[in-house]
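Engineer: For the record, the sequence lines run as chains A and B. Per the numbering used here, the first sequence runs over residues 40 to 152. Per the numbering used here, the second sequence runs over residues 58 to 169. All C-beta atoms, glycine included, are put in the ideal place defined by N, C-alpha and C. Let me begin by handing over the structure; questions about it come next.
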Amino acid sequence: KAGVTQTPRYLIKTRGQQVTLSCSPISGHRSVSWYQQTPGQGLQFLFEYFSETQRNKGNFPGRFSGRQFSNSRSEMNVSTLELGDSALYLCASSLPGDQNIQYFGAGTRLSVL
Amino acid sequence: GNSVTQMEGPVTLSEEAFLTINCTYTATGYPSLFWYVQYPGEGLQLLLKATKADDKGSNKGFEATYRKETTSFHLEKGSVQVSDSAVYFCALSVRRGQNFVFGPGTRLSVLP
């Protein structure tokens, strides 16, 4: 059974650009959550999607947005990139009946220059 | 609000030494508690979990007991191996699947 797949693994962007990251959850998982990981702030929750609806949102500015498709795949978009957006972005999926266990992808490392 | 505090490390041990990584939490409501591990270049993997007071989670020789009276969930292993070198995260979830809160992570290095 394939795990959570995130693409691309690495990205380099410049300030002011926008970026889209992709996450394919484990087959059968309908909940997808996104996290930002930085050395200074650790792991911070961005948002969670379930059945194409954003169910929960962390404390991030509106430049950070996401969506989920009918096949449960999810994308995260960051507009008007800032240097501080450089981070590892992690996606996690979970089963409908056991949402306390989150399965993580390897992440997308974004560098903003 | 909900928060998790853990020793930040780094922790450096010799192979076969005893490991303890402290974790304490504050939460509104009754949380589930977790330990995740992150190996270099990888995402987080669930190591163990406990969903109610006095539950003991265990996996791969690691153990942690949910102590409601001290709001703690300390991670222990009796004899660490070089392959245990990683970053360990304590986390909580108050509602099913909602708002996971992670601690800052503890980097463990095990020397041969």
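1) Is there at least one Cβ from chain B nearer than 8 Å to I65/A's Cβ?
2) On the DSSP letters alone, give me the boundaries of the beta strand (DSSP E) that L132/B sits inside.
3) For K161/B, go through chain A and note every residue whose CB falls closer than 7 Å to its CB, in chain order.
4) Determine the extent of the beta strand (DSSP E) in which G123/A is found, giving its start and end residues.
5) Can you tell me whether P64/A is buried or exposed? The criterion is at least 16 other CB atoms within 10 Å of its CB, across all chains shown.
6) Using a Cβ-Cβ cut-off of less than 9 Å, give me the residues of the stretch 116 to 146 of chain B that come near chain A, in sequence order.
7) Check whether the Cβ atoms of S150/A and Y142/A sit closer than 8 Å, and answer yes or no.
8) Closer than 9 Å by beta-carbon distance: list the chain B residues that pair up with A145/A, in chain order.
9) Who does E114/A pair with in a DSSP beta bridge?
Structural biologist: Working from what's here:
1) For I65/A, no CB of chain B lies under 8 Å from its own CB, so it is not counted at the interface with that chain.
2) Counting along the chain, L132/B sits inside the beta strand (DSSP E) bounded by residues L132 to K134.
3) As written in the sequence, residue 161/B is Pro, which differs from the Lys given in the question. P161/B reaches chain A at G81, counting residues in chain order whose Cβ is nearer than 7 Å.
4) Element bounds for G123/A: n/a, residue is neither H nor E.
5) Note on P64/A: 16 or more other CB atoms within 10 angstroms of its CB, so buried under the neighbour-count rule.
6) If you check each beta-carbon in the stretch 116 to 146 of chain B against every beta-carbon of chain A, the ones closer than 9 Å belong to F146.
7) The beta carbons of S150/A and Y142/A sit no closer together than 8 Å.
8) Think of a sphere of 9 Å around the beta carbon of A145/A: the chain B residues whose beta carbon falls inside it are G98, E99 and G100, in chain order.
9) Answer by DSSP bridge pairing, in chain order: S61/A and R106/A.
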